[in-house]
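UniProt numbering puts the first residue of the sequence shown at 1, with every later residue one more than the last. The beta-carbon is built from N, C-alpha and C at its ideal position, and this holds for glycine as well.
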Amino acid sequence: MSVSSSSSSSSSSSLSLSTMQINVELWMVAEERAQEILNTIQPVFISYRSRNEIIDYLQTIVKDRLGLEVFNFGSVPLKIYLPDGDIDLTILTPRDKEEDLAKTLCSMLEAEDGEFDFHVTDVQYIQAQVKVIKCKIINIDVDISFNQMAGLSALCFLEQVDQIFWRDHMVKRSIFLVKAWCYYESRILGANIGLISTYALAVLVLHIINISYSSLFGPLAVSNNCITINGPVLISSLPDMTKTEHHEIVLNENFLRECMELYSFSTSSISTVDPLKHSNNLGRSVTQGNVQRLKHAFTLGARKLKDILTLPGETMGWKLEKFFGNSLEKNGKEQRIDVEELVTTFGTGRSDNSEEILKDTSRVLYMGSGFMLNIFSSNN
Numbered sequence: 001m002s003v004s005s006s007s008s009s010s011s012s013s014s015l016s017l018s019t020m021q022i023n024v025e026l027w028m029v030a031e032e033r034a035q036e037i038l039n040t041i042q043p044v045f046i047s048y049r050s051r052n053e054i055i056d057y058l059q060t061i062v063k064d065r066l067g068l069e070v071f072n073f074g075s076v077p078l079k080i081y082l083p084d085g086d087i088d089l090t091i092l093t094p095r096d097k098e099e100d101l102a103k104t105l106c107s108m109l110e111a112e113d114g115e116f117d118f119h120v121t122d123v124q125y126i127q128a129q130v131k132v133i134k135c136k137i138i139n140i141d142v143d144i145s146f147n148q149m150a151g152l153s154a155l156c157f158l159e160q161v162d163q164i165f166w167r168d169h170m171v172k173r174s175i176f177l178v179k180a181w182c183y184y185e186s187r188i189l190g191a192n193i194g195l196i197s198t199y200a201l202a203v204l205v206l207h208i209i210n211i212s213y214s215s216l217f218g219p220l221a222v223s224n225n226c227i228t229i230n231g232p233v234l235i236s237s238l239p240d241m242t243k244t245e246h247h248e249i250v251l252n253e254n255f256l257r258e259c260m261e262l263y264s265f266s267t268s269s270i271s272t273v274d275p276l277k278h279s280n281n282l283g284r285s286v287t288q289g290n291v292q293r294l295k296h297a298f299t300l301g302a303r304k305l306k307d308i309l310t311l312p313g314e315t316m317g318w319k320l321e322k323f324f325g326n327s328l329e330k331n332g333k334e335q336r337i338d339v340e341e342l343v344t345t346f347g348t349g350r351s352d353n354s355e356e357i358l359k360d361t362s363r364v365l366y367m368g369s370g371f372m373l374n375i376f377s378s379n380n
C-alpha cells in the first residue's frame, strides 16, 4: 500500500525511528509521562473484578439452565482491554443446535430480572456469518458467540507469544498501546464498521516485534502483499506449492494454485494472514473506502510521535498528553465507563489498583510509532 498524499513524498528513511537518538534524560521524562497516561486507561483491579463477575454470572446461568459451558476469550483474559472494551464469550454446542440455542438464550437473557444484582439490557441476536448475541450488563457490552474455537486458539496463541518474548509483557503492552491510540485517537478500530479488527491489529504488532526492527527500511505494499507475523508475503506466492517435476499430471500447479486462491484465501484491501489458519484473511473487514483512512491515520500518527519524542522534556510531556487527548478526556477524570467507583484522576502521578501489565511505556510508544510508520508509510 502506498500513501498517495503529497505529505508522503519524502523518503521513508527520513521518517525512520530506528535511527533516532534520544538521550537518557529525555527517555526518563517520556517514561514518566507515558506511564501516567497509560495508568489512566489500562486495566485496573476493580474493572477486572467487575468483568469477571459478569462472566461468572453468565457462566452460572447458562450452565445451570442449559447445561452448557461458557468460555471467555479476547482481551479480557489477556488483560489488554480498553475501558470501552467488550466481553467476548463463546458457548460450545453441536453445530446443528446453534440456531435453537441462540433463540433460547436470547429469551432467557431478556427475561432476566436482575438476579445476582445484574441487569441485562439491549439483547440482540445478530444472524451474520458468525452468529452472535449482543447485550449490555452494567454498562459493559457482551458478545456471546458459538463454537468460536478460533477465538480460543488466538487467546492461547497470544498468551504463549507474550511469554516467549516476555520483556515485562512487551507483546501485550505493545498491542494495548496501539489499540488505545487506534480506538480513541484515530477511530480506526472496529471490524463491524469496515475498519481493522483487534486481532488483525495484534498480528500487525507481532509483525514488527517478530522481525529485526533495525532492518525495516522500505514501505510495505499491502495491495500486493499479505501481512504475516514473519513479514510481508506476496499474495501471488499464496499458497507456496512445491513443484512436481518429471511427472505428467492433470491437476497441475497452476490449477491447484487457482483453486487455493479462489477457495482458501480471499484477498481484500488489506490482506492479513491469520498465523493460526493461513486461509483466514484477518483484513477482510476493512472496506476499500476505509483503506485511505487507515493509511492517513497511521502515517500522520507516526510523524507526530516522532516529532514528540525529540522535544525537550517539559514540552514532550505536554505533547504526549495531547497525543492521547481523547483517551485522557474520556477516562482521566475520576470515572471510567467500566466501573462504578471513582478512580485516580490523571495528573496525580498515581494509579490505584492497577493490574500493572504495562511498563516501560515510552519505549512501547517508540515501538508503536515504528509500527505505524513501517506498515503504512510510503516512499513515492
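From which residue to which residue does the beta strand (DSSP E) around residue i run?
i	result
ILE164	Here ILE164 belongs to no beta strand (DSSP E); instead the alpha helix (DSSP H) covers 149-165.
LYS136	132-137
SER279	277-281
ILE91	87-91
VAL76	Where VAL76 is concerned, there is no enclosing beta strand (DSSP E), although the alpha helix (DSSP H) it sits in stretches over 75-78.
ILE140	140-146
In chain order, what residues of the same chain lie with their CB nearer than 8 Å to the CB of residue i, ignoring the 5 residues before and after it?
i	result
ILE54	ILE87, PHE118, ILE137, ILE138, ILE140, VAL142
ASN147	THR90, ILE91, LEU92, THR93, ARG95, GLU98
ILE209	PHE165, MET170, VAL171, SER174, MET367
GLY194	SER285, VAL286, THR287, GLY289, ASN290
THR104	LEU66
Pull up the distance between the alpha-carbon of residue i and that of residue j, whole angstroms please.
i	j	result
GLY190	VAL70	24 Å
ARG293	VAL273	21 Å
ARG336	ASN254	55 Å
PHE324	LYS304	12 Å
SER271	VAL291	11 Å
ILE61	GLU321	43 Å
VAL205	VAL339	29 Å
ALA128	GLN288	21 Å
VAL24	ILE133	50 Å
ALA34	PHE346	11 Å
residue 447	THR310	Nothing can be reported for residue 447: it is not among the residues displayed for the chain, which extend from 1 to 380.
GLU32	GLU341	25 Å
ARG284	GLU314	42 Å
ALA102	CYS135	13 Å
ALA302	CYS182	12 Å
THR299	LYS306	11 Å
ALA221	VAL120	Below a pLDDT of 50, predicted positions are generally treated as unreliable, and ALA221, at 37, falls in that range; the measurement from the model is reported next regardless. Distance between the alpha carbons of ALA221 and VAL120 is about 45 Å.
TRP318	ALA297	21 Å
GLU329	PRO77	26 Å
ASN192	MET149	20 Å
ASN52	LYS333	24 Å
CYS156	ILE308	36 Å
ILE196	ILE188	7 Å
Relative to the C-alpha of residue i, which candidate in the options has its C-alpha closest?
i	options	result
LEU68	ILE337, GLU340, SER145	SER145
VAL178	VAL44, THR198, ASN210	THR198
LYS172	ARG95, ILE80, TYR183, SER153	ILE80
ASN280	PHE45, LYS322, SER268, THR287	SER268
MET108	ASP96, LEU58, ASN147	LEU58
ASN72	ASP56, VAL130, ARG65	ASP56
LEU158	LYS295, GLY301, ALA200, THR93	ALA200
PHE165	ASN192, LYS295, ILE211	ILE211
ASP100	LYS131, GLU112, THR121	LYS131
TYR125	ILE196, GLU112, CYS106, PRO77	CYS106
ARG65	VAL203, CYS182, CYS135, GLU112	GLU112
HIS207	VAL29, SER174, ILE37	SER174
ILE37	PHE176, GLY301, LEU300	PHE176
SER186	LYS295, ILE209, PHE45, MET149	LYS295
GLY151	GLY194, ILE308, ALA202	ALA202
Who are the Cβ neighbours of residue i in its own chain at under 6 Å, not counting the five residues just before and after it?
i	result
HIS246	Note that HIS246 has pLDDT 49, beneath the 50 cutoff, so the model's placement of it is unreliable and the number below is only indicative. Within the same chain, HIS246 has no close Cβ partners at all.
SER266	ASN281
SER153	LEU276
SER75	TYR81, GLY85
TYR184	ASN326, SER327
SER47	ASP338, VAL339
LYS63	none
HIS278	none
At a cut-off of 7 Å, would you count residue i as near the ligand SAH, judging by its Cβ distance to the nearest heavy atom?
i	result
ILE164	This structure does not include the ligand SAH; it has no bound ligands of any sort.
Excluding the 5 residues preceding and the 5 following residue i in the sequence, name in chain order all residues of the same chain whose CB lies nearer than 7 Å to its CB.
i	result
ILE41	LEU82, PRO83, ALA180, SER327, ASN331
ASP162	HIS169, VAL171, LYS172
ASP110	This sequence places Glu at residue 110; Asp is not what is there. Excluding positions up to five away in sequence, the list reads VAL123.
VAL29	GLY313, MET316, GLY317
SER50	ILE138, ASP338, VAL339
In the DSSP assignment, the alpha helix (DSSP H) including residue i goes from what residue to what residue?
i	result
SER40	Ser is not the amino acid found at residue 40; the sequence shown has Thr there. Looking at the DSSP string, the run of the alpha helix (DSSP H) that includes THR40 is 24-41.
ASN210	198-210
ASP64	45-66
SER174	170-180
Q: Just list the beta strand (DSSP E) runs in the region 93-119, keeping only unbroken ones of 3 residues or longer that don't cross its boundaries, in chain order.
A: You should have found no qualifying run.
Q) Going along the chain, which unbroken runs of the alpha helix (DSSP H) with 4 or more residues stay wholly within the region 291-350? A) As far as the region 291-350 is concerned, its whole alpha helix (DSSP H) runs of at least 4 residues are 313-323, 325-331.
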